[in-house]
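Asker: In the working numbering, the protein residues as written are 6 to 435.
Ideal Cβ placement from N, Cα and C applies to all residues, glycine included.
Here the structure is a predicted model, which means the values were calculated and not measured.
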Ligand code: ADP
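(1) Among residues of its own chain, excluding the 5 on either side of residue 263, which ones have a beta-carbon nearer than 7 Å to its beta-carbon?
(2) According to the neighbour-count rule (16 or more other Cβ atoms, all chains shown, within 10 Å of its Cβ), is residue 101 buried or exposed?
(3) Would residue 266 and residue 424 qualify as a contact pair, given that the criterion is a beta-carbon distance under 9 Å?
(4) With three or more beta-carbon pairs closer than 8 Å as the criterion, would you say the stretch 318-336 touches the stretch 290-308?
(5) Hey, is residue 366 close to the ligand ADP, as in C-beta under 8 Å from one of its heavy atoms?
(6) Relative to the C-alpha of residue 277, which candidate in 124, 407 and 166 has its C-alpha closest?
(7) Taking 8 Å as the cut-off, is the beta-carbon of residue 339 closer than that to any non-hydrogen atom of the ligand ADP?
(8) Restricting to Cα atoms, I'd like to know which of 47, 77 and 132 is closest to residue 144.
(9) Name the DSSP bridge partner or partners of residue 427?
(10) May I have the straight-line CA-CA distance separating residue 113 from residue 82, to the nearest angstrom?
(11) Going straight from the alpha carbon of residue 149 to that of residue 9, what length do you get?
(12) Just verifying my parser: in three-state terms, what is the DSSP assignment at residue 199?
(13) Could you have a look at residue 327 and say whether DSSP puts it in helix, strand or coil?
(14) Less than 6 Å between C-beta atoms, sequence neighbours within five positions excluded: which residues of the same chain meet that for residue 416?
(15) What does the Cβ neighbour count give for residue 11, buried or exposed, with the cut at 16 atoms within 10 Å?
(16) Within the continuous beta strand (DSSP E) that includes residue 369, where are the two ends?
(17) Where residue 260 and residue 225 are concerned, what is the direct C-alpha to C-alpha distance, given to the nearest angstrom?
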């Protein structure tokens, strides 16, 4: 708001100062021109001042050669009562409304110098400059006064043109300032909305972090009591009781997974996840993960195998624990979402600088319209095939975040009901 007022005010002040300086310069120029005309005419008339006929003929000749802006030229002589009366001159019968004429004459006479004042032509209202200067006779004695009326029309037109140009420039400047301010206000609005959004996000992240931490201890407690009960430490149970207890224990496992995924999400989002990047052989990590998941694959009758397309020994730059987590998620999902067929893990080179680990399955696949949202938090594909499969919808988000934090990339390709292929690409450290 301050700028809306201050900038145009500054511009107006500067404009006013500029125009008045311009006007002052023009005034000086007009006055100098008047004095020059005075001097020229004075010299031309000097030797004819006391010869009436000669003076009149000279005046008539001069009238034709003088510029159009000279509206009036009058020679005045002092009368007995100290007044000045016109004796000769040329004039387009102009009358000027100046009230100071006699005072101006006396001043010019008394001070022996040119005195100027502004007046108006009474008929045309044209602005004029009246300049009075003593005129000397050929012998160098003060003879009388000469008075010139110079038109200021041209001068006024120039000033008014400058003023209107300045007003247009100022309007454009004000418009630009308003546009800039509008933009500024909009950007400020976006910034504050973003700030609010970020603040909300932070509250949500903090809540997830605190809630997950607080949930961990009671879940561990519940799980240990349940396992003691299952072991019969508090007396024997009926078969139905044991089955309920097993179900309760399975549910606490889901809860533990959810809490641990949520903790990872908040650690990644708050930049608290630590990474120890080393050169490692991806085959070692793949082997460990495959070993830990092979029992589950066997249970489902799925063949789980590793195919290395590499002849030479390769190393990649990654954090071992996080790579393990990435592969556990991808291979675990491949086993989880495949009911028959196989899961292949393929290791191959991508150019000279990258190594790709591919996880292919012959499972349920992903509908094309769901592929985009797979890596979002809590996103799961809801279908008949996935209804009974347990999951948090956080695994792929964590996988993508961990991969990218280690300068890797993740890709997915899938054919609905035919199978999926997830691949992670890491920099080759060799
Ligand atoms: P979830 O814990 O639900 O498995 P993820 O983030 O790991 O969470 O996966 C998100 C969703 O992506 C899953 O719910 C599933 O619908 C789909 N998905 C992931 N991997 C596969 C796969 N190999 N085959 C088919 N669908 C998959």
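Answerer: Let's see:
(1) Stepping through the chain shown from its first residue, residue 263 is reached at position 258. Excluding sequence neighbours, residue 263 sits near 397.
(2) Here residue 101 corresponds to residue number 96 of the chain shown, with the count starting at 1. So residue 101 ends up on the buried side.
(3) Here residue 266 corresponds to residue number 261 of the chain shown, with the count starting at 1. Here residue 424 corresponds to residue number 419 of the chain shown, with the count starting at 1. No, the pair does not count as a contact, with Cβ atoms beyond the cut-off.
(4) yes
(5) Counting from one through the chain shown, the residue named residue 366 turns up at place 361. Yes, the beta carbon of residue 366 sits closer than 8 Å to at least one heavy atom of the ligand ADP.
(6) For the purposes of this step, residue 277 is taken as the residue at position 272 of the chain shown. It is 407.
(7) As a first step, residue 339 is located in the chain shown; it is residue number 334 there, counting from the start. Yes, Cβ of residue 339 sits closer than 8 Å to a heavy atom of the ligand ADP.
(8) Sequence index remark: in the chain shown, residue 144 carries index 139 (1-based). When each option's Cα is compared against that of residue 144, the closest is 47.
(9) Looking up residue 427 in the chain shown gives position 422. DSSP lists 364 and 417 as partners of residue 427.
(10) As a position in the chain shown, residue 113 is number 108, starting the count at 1. As a position in the chain shown, residue 82 is number 77, starting the count at 1. When rounded, the separation of the alpha-carbon atoms in residue 113 and residue 82 is 12 Å.
(11) What you label residue 149 is simply residue 144 of the chain shown in a count that begins at 1. What you label residue 9 is simply residue 4 of the chain shown in a count that begins at 1. Cα to Cα, the separation comes out at about 59 Å.
(12) To locate residue 199, count along the chain shown from 1; it is residue 194. In this structure, residue 199 counts as helix in the three-state DSSP scheme.
(13) Here residue 327 refers to the residue found at position 322 of the chain shown. In the three-state DSSP reduction, residue 327 falls in the helix class (H, G or I).
(14) Translated into the one-based positions of the chain shown, residue 416 becomes position 411. Hits under 6 Å: 428.
(15) Taking the chain shown and counting its residues from 1, one reaches residue 11 at position 6. Exposed is the call here.
(16) Looking up residue 369 in the chain shown gives position 364. Looking at the DSSP string, residue 369 is not in any beta strand (DSSP E), and its letter there is neither H nor E.
(17) Looking up residue 260 in the chain shown gives position 255. Looking up residue 225 in the chain shown gives position 220. Rounded to the nearest angstrom, the two C-alpha atoms are 10 Å apart.
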